[in-house]
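In what follows, a structure is listed as structure tokens, so that the remarks can point back to it.
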Amino acid sequence: MLIEEAHENGARYSKACGVIGISHRTLQRWKQGCLKDRRKGSSKTVTRKVPQETREEIISVCNEPRFRDLTPYEIVPQLLTEGCYLASESTVYRILREADQVHHRSELRVGHRHAKPPERKATGPNQVYTWDITYMGRTVRGLFYYAYVVKDLFDRSIVGWAVHEEESEKHSRALFARILNGGKVKLKALHADNGHPMKGVTLMALLQKLNVAVSHSRPRTSNDNPYIESLFKTMKYHVTYPNAFDTLEDARRWMGDFVHWYNTKHMHSSIGYVTPHQMRYGHASAIFEQRNATLQRARELNPERWGARPARTWEINREVVLNPAEK
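Take the sequence shown: its letters are residues 2 to 328, numbered as in the working numbering.
Given below as structure tokens:
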């Protein structure tokens, strides 16, 4: 009525609507009989919402002696058999949760989600290491030797290893004290599994002293440490792996030969089929240039085999990422 009065006195509808805080389009809807307030933040009526008296009845029924030890998935079917329907199972769960009546009732520890390890990036050697321990079978069934292996994330080379008769924090600390050489290797980050040898107090103290950022995989999540797991598969599938070792010296001798082969002779697929040492010491660039030149000459001699497609280009991956952050 006030808007119409203002309009009759010469005011435009849009200006009159602006004075009382509505749009001209809202006025037009009101004139068409749609008087429901649909503005953002306005109070709305949810027609499907369970009435308060029904909510109280649901809580009361679920707390009856015959139902208090059952889940809504058991309660609702029994009520339906008796000819009574109060709400669906999910609605009952929601109402009980709002009333703080959904709790873990077992004496076992409540399961919880573990956060994904932080992202680690390497743009060169000796920036990010990843390591783990794997079993090496013995000729005595049920007994094992344990291989401690540390791998550089950027060039995939094995930078340190040891084989012992047990998993121990003492051996882990000694290994990293030897690899890091009192801080001469300026390591930025280290990623490991979740076992005690990887989280021992003395090892953590050494890494903290050398300002190394440490992260650990989630329990039973091998994909958090894929590079070292891939290395262990290469190790166990190697043609010379004997599956069982007679003595600790045999295990160490084999491991030493394997590490030498892996670093200097193994054509690693993920770094462009060069050896880890070729990548580590800068020889990969010349090898890739030679490959690219050979491909280019072949394409010039036989252009029909490529057509309009360019020749493949071999390049060094300048950045390697472990556990990339989700975008």
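Each residue gets a CB set at the ideal place from its N, CA and C atoms; glycine is no exception. Keep in mind that this is a model prediction, so the values were computed, not measured.
Problem set entry | Extent of the continuous alpha helix (DSSP H) run through Leu-80 | 73–82
Exercise. In chain order, what residues of the same chain lie with their CB nearer than 8 Å to the CB of Tyr-228, ignoring the 5 residues before and after it?
Worked result: Thr-131, Lys-152, Leu-154, Arg-157 and Leu-323
Exercise. Can you tell which of Arg-221, Asn-195, Leu-188 and Lys-237 has its C-alpha closest to the C-alpha of Val-213?
Worked result: Leu-188
Problem set entry | Endpoints, the beta strand (DSSP E) within which Ala-193 is located | 190–193
Exercise. Should Met-170 and Thr-203 be called a contact, given that it needs their Cβ atoms to be closer than 8 Å?
Worked result: The amino acid occupying residue 170 in the given sequence is Glu; Met does not appear at that position. Taking 8 Å as the Cβ cut-off, Glu-170 and Thr-203 qualify as a contacting pair.
Exercise. Using the C-alpha atoms, what's the distance from Ser-223 back to Pro-78?
Worked result: 42 Å
Exercise. Got a sec? Which residues, its chain only, sit under 8 Å from Tyr-74 by beta carbon, not counting five neighbours each side?
Worked result: Glu-90
For this session: For the alpha helix (DSSP H) containing Thr-363, list its first residue and its last residue.
Result: The structure shown does not extend to residue 363, since the chain is modelled only from 2 through 328, so no value can be given for it.
For this session: Kindly indicate the opening and closing residues of the beta strand (DSSP E) around Ala-123.
Result: 121–123
Exercise. Can you tell me where the beta strand (DSSP E) with Gly-161 in it begins and where it stops?
Worked result: 159–165
Exercise. Got a sec, what are the start and stop residues for the alpha helix (DSSP H) Ser-286 sits in?
Worked result: 285–302
Problem set entry | Local conformation of Gly-19 per DSSP, three classes | helix
Problem set entry | Range of the contiguous alpha helix (DSSP H) that encloses Val-93 | 90–99
Exercise. Per DSSP, what kind of secondary structure is His-25 in: helix, strand or coil?
Worked result: helix
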